[in-house]
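The next block holds one structure in the form of C-alpha cells; read it before the comments.
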Amino acid sequence: MAKGKQIYNGKAKTLFEGPDEGTIIQHFKDDATAGNGLKHAIIPGKGALNNRISSHILTQLEAIGIPTHFIRSLNMREQLVRKVDIIPVEVVVRNILAGTICKKLGLEEGEKLPEALLEFYYKKDELNDPLISADHIVTLGWAEEYELEEIVDYALRINDFLSGMFAAIGLRLVDFKLEFGRIEDEDGFVSIVLADEFSPDNCRLWDMETGEKMDKDRFRRDLGDLIDGYEVIAKKLGLIPQDCTVRKENGDVDEKLFERLSLIENKYRVA
Ligand code: UDP
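Take the sequence shown: its position 259, counted from the start at 1, is 1025 in this note's numbering, and no numbers get skipped.
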C-alpha cells in the first residue's frame, strides 16, 4: 500500500497520510526512549513486536465493544488506522504501585491497590506531561464532561478486560497509559475512540510467578534485554510461535518470520 506524505514523526512512531480520506498509516519504529527522550536507543525488532501486540490488543478491545482507531495491520511495522482528533490527555490506569507514583508520593513499589486508580496527564512534552485533574480537562476545554465520563468508562472496562486476559497467560497488568481521540462520521456525529497503541512500551507487565518485568522498564532501568521481554509477551499471547525468535543470530530482525506470520493471518482473515 502506497504511503502518503509524513504528517508526524514521534518518539516511537511515524504517521503518514493513508490511502483514503480520514485514514493514517502508523509506522512503528525501533527507537526506544525514556525520561522524555533523554535516554534513547535503537532496538531492532521493537517496532515489529509493538505493531503486532498492539494490533492484537486493539482488535480484542473492538470485539468487546470499545471503539478504536485501528482498521487493520498492513505489514511487519505498519498498520492502517482512522484519523482522529487527539484529546491532549494521557489516561493512566494503575492496579499496582510502580513508577512515578512511587517516586512522587514516596510509596513502595509492588503494593496492590484496593481498586484501579485513574490519573490524567496533560500531553505536552515541553512541560514533561504534568499531572492534571478531571476539572482541568473540562474547564480548560480539552474534553466535554460527557466525553470524559465516556473515557473513564472505557478506561475501566479496558482495565477489567485486559487484566483478565493477561492474568490468564501468567502476566500481571500493573499499569498502562491510554490516549483517546474524536472521530466524525458521515452524518457529522462525533464519538470518542481509543487511539495510539497498547504495547509493552506503555504498560507494565510482570510475570505472576517470578515478578520479572517484561515491559519497557527493562530499558528504562537497564533490567535486561528489551526484546526478550516483549517476545515473551507476544508468545504468551499466541502471536509468535513458541519455537521462533524475532532476531536472527546476527541480531537483525527475522523479516521472514513476520512475512510468514502475515501470510498465515491473511489466509485466515475473513473478508
Ligand atoms: N506511560 C506512557 N507514556 C508516558 C508516561 C507513562 O506510556 O509518557 C505509561 C508507562 O509505561 C506505565 C504507565 O504509563 O505503564 C504509568 O507510568 P508512570 O506514571 O509510572 O511513568 P514512568 O515510570 O513510565 O515514567
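Where is the CB? At the ideal position from N, CA and C, for every residue including glycine.
Apart from the five residues on each side of it in sequence, which residues of its chain come closer than 8 Å, Cβ to Cβ, to residue i?
i           : result
residue 840 : 767, 791 and 846
residue 774 : 780 and 781
Any idea what DSSP makes of residue i, helix, strand or coil?
i            : result
residue 955  : coil
residue 782  : strand
residue 1017 : coil
residue 938  : strand
residue 772  : strand
residue 887  : strand
residue 721  : Here the chain has residues from 767 to 1037 only, and residue 721 is not among them.
residue 800  : strand
residue 995  : helix
residue 917  : helix
residue 843  : coil
residue 990  : coil
If you follow the alpha helix (DSSP H) that residue i is in, where does it begin and where does it stop?
i           : result
residue 901 : 900–905
residue 869 : 866–871
Out of the options, which one is the CA nearest neighbour of residue i?
i            : options                 : result
residue 1000 : 966, 797, 988 and 843   : 966
residue 1021 : 842, 902 and 873        : 842
residue 771  : 787, 778 and 777        : 787
residue 995  : 1016, 922, 970 and 1017 : 970
residue 859  : 964, 1013, 1006 and 779 : 964
residue 779  : 822, 880 and 844        : 844
residue 807  : 936, 935 and 795        : 795
residue 838  : 793, 805 and 777        : 793
residue 947  : 957, 938, 912 and 866   : 957
residue 915  : 927, 901 and 926        : 901
residue 811  : 1025, 993 and 831       : 993
residue 850  : 879, 835 and 857        : 835
Within the continuous beta strand (DSSP E) that includes residue i, where are the two ends?
i            : result
residue 965  : Looking at the DSSP string, residue 965 is not in any beta strand (DSSP E), and its letter there is neither H nor E.
residue 857  : 851–862
residue 1003 : Run containing residue 1003: none; DSSP gives neither H nor E here.
residue 791  : 789–794
residue 808  : 805–808
Residues in the same chain with beta-carbon distance under 6 Å from residue i, minus the five sequence neighbours each way, listed in chain order, please.
i           : result
residue 909 : 853 and 903
residue 833 : 959
residue 799 : 777 and 806
residue 868 : 875
residue 919 : none
Among residues of its own chain, excluding the 5 on either side of residue i, which ones have a beta-carbon nearer than 7 Å to its beta-carbon?
i            : result
residue 922  : 882
residue 1023 : 1010 and 1012
residue 802  : 891 and 894
residue 973  : 936, 937 and 980
Compare the C-beta of residue i with all C-beta atoms of chain D and state if any pair is closer than 8 Å.
i           : result
residue 861 : This model lacks chain D altogether, as it is built from one protein chain only.
| Stretch pair the segment 811–818 + the segment 931–947: three plus CB contacts closer than 8 Å | The segment 811–818 vs the segment 931–947: no contact.
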